[in-house]
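Taking this note's numbering, I'd label the letters of the sequence shown as residues 237 to 377. Glycine included, each C-beta is placed from N, C-alpha and C at the ideal position. If you're wondering where the values come from, they're calculated on a predicted model, not measured in any experiment. Below you'll find the structure, written out as structure tokens, and then a few comments.
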Amino acid sequence: MRAGEEQRDHVKLMSPYKPASEKEIAVLQELVDTHYERFVRFVSEGRNLSREEVLEFADGRIFTPERALEYGLVDKIAHVDGVYDDIRNAHGDVSFVRYDRLPTLMETLMHGVSHRPSFEERLLPYLAQEGTPLVLYMFVK
237 MRAGEEQRDH VKLMSPYKPA SEKEIAVLQE LVDTHYERFV RFVSEGRNLS REEVLEFADG
297 RIFTPERALE YGLVDKIAHV DGVYDDIRNA HGDVSFVRYD RLPTLMETLM HGVSHRPSFE
357 ERLLPYLAQE GTPLVLYMFV K
């Protein structure tokens, strides 16, 4: 299977070595618009908000936990351990699966030479600083 001429035109999309053409900008804008509409639909359906309510705040900002709570995007602000406890209290004995990034080949080869800190070890200094903003999310369907 060979890519058509139009598909080959997009191979260098977002190349740092040439300015984007109007056609490339249109392709990127279509991607942005598609994902934006998907976000608005998911939030509207998932949080029981009208499309118009979502459009009032869906402008590309990153929300603090307090602002997300104000807009009805989250039910409450909590530490992940508290969320696990809430789920266990509501649903009994449940298991949680944590997904980590696979190590690169170099990290695998260097495993015995250097220690790669765990997610918790990397996060701990930030959690120790009260008021430090963190971007954490969990998607459950």
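Exposed or buried, which one is residue i when buried takes at least 16 other CB atoms within 10 Å?
i      : result
Leu285 : buried
Gly282 : exposed
Val279 : buried
By DSSP, does residue i sit in helix, in strand, or in coil?
i      : result
Ser251 : coil
Lys259 : helix
Arg324 : helix
Arg283 : coil
Phe278 : helix
Asp336 : coil
Asp269 : helix
Ala330 : The sequence given here has Val at residue 330, not Ala. Reduced to three states, the DSSP call for Val330 is coil.
Leu264 : helix
Look at residue i and residue j and say whether their C-beta atoms are less than 8 Å apart.
i      : j      : result
Val263 : Val276 : no
Leu305 : Ile313 : yes
Glu260 : Leu267 : no
Val388 : Ile323 : Past the edges of the chain, shown from 237 to 377, lies residue 388, and the structure says nothing about it.
Phe293 : Tyr272 : no
Between which two residues does the alpha helix (DSSP H) containing residue i stretch?
i      : result
Glu292 : Element bounds for Glu292: n/a, residue is neither H nor E.
Pro301 : 301 to 306
Leu341 : 341 to 345
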